[in-house]
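Okay, structure first, notes after.
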Amino acid sequence: MATAVLPAAAALPGPAAPAPPHPPPGRASLRHMPQLHAALLKSGELTASPKSFHSLLEAAAASPAQLSYALRMFRLGPRPPLSAPSYNILMRGLIRAGHAEDALHLFVEMLGTASVCPDQHTLACTLKSCSRMRGLDVGRGIQVYAVKRGFMVDRFVLSSLIHMYASCGDVAAARVLFDAVEEKGVVMWNAIIAGYFKDGDWKEVVEMFKVMLEVGAPFDEVTLVSIATACGRIGDAELGDWIGGYVEEKGMVGNRNLVTALVDMYAKCGELGKARRLFNGMRSRDVVAWSAMISGYTQAGQCQEALALFNEMQVAEVEPNDVTMVSVLSACAILGALETGRWVHSYIRRKRLPLTVVLSTALVDFYAKCGCIDSAVEAFESMPMKNTWTWTALIKGMASNGRGREALELFSSMREANIKPTYVTFIGVLMACSHSCLVEEGRQHFDSMTREYGIQPRVEHYGCIVDLLGRAGLIDEAYQFIRSMPIEPNTVIWRALLSSCTVHKNVETGEEALKHIISLDPSHSGDYILLSNIYASLGRWKDAAMIRRAMNDRGIEKTPGCSLIEVDGTVFEFFAEDSDHPQLKEIYEKVKEMIDKIKMAGYVPNTADARLDVDECEKELSVSRHSEKLAIAFGLMKLHPGATIRLSKNLRVCSDCHSATKLISKVYSREIVVRDRNRFHHFKDGSCSCNDYW
Ligand code: ZN
Ligand code: ZN
Numbered sequence: 013m014a015t016a017v018l019p020a021a022a023a024l025p026g027p028a029a030p031a032p033p034h035p036p037p038g039r040a041s042l043r044h045m046p047q048l049h050a051a052l053l054k055s056g057e058l059t060a061s062p063k064s065f066h067s068l069l070e071a072a073a074a075s076p077a078q079l080s081y082a083l084r085m086f087r088l089g090p091r092p093p094l095s096a097p098s099y100n101i102l103m104r105g106l107i108r109a110g111h112a113e114d115a116l117h118l119f120v121e122m123l124g125t126a127s128v129c130p131d132q133h134t135l136a137c138t139l140k141s142c143s144r145m146r147g148l149d150v151g152r153g154i155q156v157y158a159v160k161r162g163f164m165v166d167r168f169v170l171s172s173l174i175h176m177y178a179s180c181g182d183v184a185a186a187r188v189l190f191d192a193v194e195e196k197g198v199v200m201w202n203a204i205i206a207g208y209f210k211d212g213d214w215k216e217v218v219e220m221f222k223v224m225l226e227v228g229a230p231f232d233e234v235t236l237v238s239i240a241t242a243c244g245r246i247g248d249a250e251l252g253d254w255i256g257g258y259v260e261e262k263g264m265v266g267n268r269n270l271v272t273a274l275v276d277m278y279a280k281c282g283e284l285g286k287a288r289r290l291f292n293g294m295r296s297r298d299v300v301a302w303s304a305m306i307s308g309y310t311q312a313g314q315c316q317e318a319l320a321l322f323n324e325m326q327v328a329e330v331e332p333n334d335v336t337m338v339s340v341l342s343a344c345a346i347l348g349a350l351e352t353g354r355w356v357h358s359y360i361r362r363k364r365l366p367l368t369v370v371l372s373t374a375l376v377d378f379y380a381k382c383g384c385i386d387s388a389v390e391a392f393e394s395m396p397m398k399n400t401w402t403w404t405a406l407i408k409g410m411a412s413n414g415r416g417r418e419a420l421e422l423f424s425s426m427r428e429a430n431i432k433p434t435y436v437t438f439i440g441v442l443m444a445c446s447h448s449c450l451v452e453e454g455r456q457h458f459d460s461m462t463r464e465y466g467i468q469p470r471v472e473h474y475g476c477i478v479d480l481l482g483r484a485g486l487i488d489e490a491y492q493f494i495r496s497m498p499i500e501p502n503t504v505i506w507r508a509l510l511s512s513c514t515v516h517k518n519v520e521t522g523e524e525a526l527k528h529i530i531s532l533d534p535s536h537s538g539d540y541i542l543l544s545n546i547y548a549s550l551g552r553w554k555d556a557a558m559i560r561r562a563m564n565d566r567g568i569e570k571t572p573g574c575s576l577i578e579v580d581g582t583v584f585e586f587f588a589e590d591s592d593h594p595q596l597k598e599i600y601e602k603v604k605e606m607i608d609k610i611k612m613a614g615y616v617p618n619t620a621d622a623r624l625d626v627d628e629c630e631k632e633l634s635v636s637r638h639s640e641k642l643a644i645a646f647g648l649m650k651l652h653p654g655a656t657i658r659l660s661k662n663l664r665v666c667s668d669c670h671s672a673t674k675l676i677s678k679v680y681s682r683e684i685v686v687r688d689r690n691r692f693h694h695f696k697d698g699s700c701s702c703n704d705y706w
């Protein structure tokens, strides 16, 4: 009888019970409710039989549209004397229609009615109202009532209490009750797991499931969705894989929520192949599944795949949400795909997607990483909410785009706004100082980081200072600074010193720096090339050749240079001396034209960066086919006149490409923005924003 009054779903945690199976309980009978009501009244059955009254009340209360009809029946009668089941029916109707507070009022009214006594289902409904309203205090009061009335032995009441505490954020209280119950059903397990889940305590969620497996507790699809999600968050691929196997074995792959959770789990654990296989096999995919897959690609750095999948998503006419957009924007930021990202921005505006802090920060970061600082500032200023990550994104963006002074001004505004900087913010601040050669400011900020904010400098901060001193030509001081570091200097630190030595042609310290780098990481071709360039720039060709030979002897191959350029929303990839681009002939012709034009403007090829095993003429040809020159030529061919050419390069720009690009920007009156491994170069009218220091 009990289950007939209170459907089991009413005691389940989480969202409302699933929609009734169609056709909804007698659509016809709802329309004919007044007739049915009248007939029952006429026959006298309604007042004589509480059972008939309850059935009619239940039918009306089941549909939010008929709820007021149910209320009138309940309040005005005629009807049999009211009892707990009548109250329970109405309370459930109210909760289902989103009026948890009214359900609670009904309970209070019941307490004041001497003739009616709340039963265990009343308490379950009341606790459910508390869960919905996050009414922890009222819920605690209900527990006191339940203890007094001896309801604490009832499983319905216990489950509802555990669920109430868990969903109101007091998972510890839920756990105390939970542990005291001897035989726990799946509903109770799900309730306590949902509590940890809500707290973001992924480890405990996974631990609970391990206990469940140990004691042989029953679990269902709701449990598995939570556990799979938690596995993704903590990267527990082993347990996640076990769930994946279980789901396939038990033929549960038709459950969309479950499979979506698995796709998300595999994607977060970096198992993109498995994620994609499941994703492809899904009969229908909602925005959550698409977002999980796209963000998996972005996080794994497979940004082209992320954008391709985003295109497929649009073809499938699934509307993206803010979570999708964050992933797509970070993919665009990494690729430097400005057009696509801009389209995303306008889409966000058009669809009025909520500008969450995370989404707005992604926008700022995207524009900054594409070298569009003005758009980044605009996005920043139009944000309804900003947190420390937003400020940091813009500070770092300004710094790497060579706008050090502005970055520092922004940092003082951030402090005035009482936003606490993090260690990442200070990386941005110190980068700003070093990229703009502000030695004194850099030293001061470095000191204030520990003194004012109690942030211990990390190796990245030391790296910025070495870079700062080195750029300013204070090579000896930089070297002494490294020697006095309280933590072991890593390759990044020595590399910063080595590149300063390249610029200031300091052979001795350069040799020393390379020695340290090789002892830590001997496989990085760029390091050998930097030292070889120092020798070459001093005309010490023999030494240069020796370094290159040492590199070959160790089997270290030069990382091929690769430049990306976006044209009409498609990202094109160029490698040095590229030989399989379909338009290669035209591109090489354009390169030749480019080189001839800038030679007339005074360009002299610098072959220090070329291969050493070929003669001078071939060296010249080889540097002219560096990937960025190919990409720039392609941009000149394909982009409409006057459009800024933007590309991103995987290595640092070589000095020949740098001086060539400066002249190209002048001869062709084009702005060219190049993002290399470390920073941005904005070329315009024959000069670069980095002031030839990079
Ligand atoms: Zn180059
Ligand atoms: Zn530059």
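Per my numbering, the sequence shown starts with residue 13, numbered consecutively. By construction, the Cβ of each residue, glycine as well, lies at the ideal position given by its N, Cα and C atoms.
Tell me whether residue i counts as near ligand 2, meaning its Cβ is closer than 6 Å to at least one heavy atom of that ligand.
i, result
"Cys669", "no"
"Cys449", "no"
"Trp401", "no"
"His693", "yes"
"Trp706", "yes"
"Cys382", "no"
"Cys702", "yes"
What residue from the options has the CA that sits closest to residue i's CA?
i, options, result
"Ala345", "Pro332, Asp697, Phe378", "Phe378"
"Ser238", "Val217, Lys611, Ala71", "Val217"
"Gly282", "Gly244, Asp298, Gly105, His111", "Gly244"
"Tyr465", "Val436, Ala74, Glu569, Ile607", "Val436"
"Thr125", "Ala349, Glu317, Ala96", "Ala96"
"Asp232", "Ala287, Met200, Val369", "Met200"
"Arg268", "Trp302, Gly252, Leu284, Ala279", "Trp302"
"Val685", "Tyr157, His175, Lys63, Ala655", "Ala655"
"Ser535", "Ser512, Ala556, Asp565, Gly162", "Asp565"
"Ala557", "Ser544, Ile568, Val389, Lys398", "Ser544"
"Phe119", "Arg108, Ala109, Gly110, Arg104", "Arg104"
Are the beta-carbon atoms of residue i and residue j separated by less than 7 Å?
i, j, result
"Ser549", "Lys517", "yes"
"Met712", "Trp403", "Nothing can be reported for residue 712, as the shown portion of the chain is limited to 13 through 706."
"Leu526", "Thr503", "no"
"Leu480", "Thr514", "no"
"Glu589", "Leu576", "no"
"Asp688", "Val665", "yes"
"Phe86", "Leu68", "no"
"Ser143", "Met176", "yes"
"Val227", "Asn202", "no"
"Thr272", "Val299", "no"
"Asn618", "Ser677", "no"
Beta carbon of residue i: closer than 6 Å to some heavy atom of ligand 1?
i, result
"Cys666", "yes"
"His457", "no"
"His638", "yes"
Contact check, residue i vs residue j under 8 Å by CB: the rounded distance?
i, j, result
"Leu375", "His357", "6 Å"
"Ile306", "Ser339", "5 Å"
"Gly414", "Ser448", "7 Å"
"Val583", "Ala349", "5 Å"
Let me know the secondary structure DSSP gives residue i once reduced to three states.
i, result
"Asp334", "helix"
"Ser535", "coil"
"Arg687", "strand"
"Glu569", "coil"
"His44", "coil"
"His693", "strand"
"Thr434", "coil"
"Tyr705", "coil"
"Thr404", "helix"
"Arg658", "strand"
"Thr582", "strand"
"Ser671", "helix"
"Ile577", "strand"
"Pro33", "A caution first: Pro33 carries a pLDDT of 38, below 50, which makes its placement in the model too unreliable to give a value."
"Phe423", "helix"
"Cys700", "strand"
"Phe458", "helix"
"Phe587", "strand"
Return yes when the C-beta of residue i is under 6 Å from any heavy atom of ligand 3, and no when it is not.
i, result
"His357", "Here the bound small molecules are ligand 1 and ligand 2; ligand 3 is not part of this structure."
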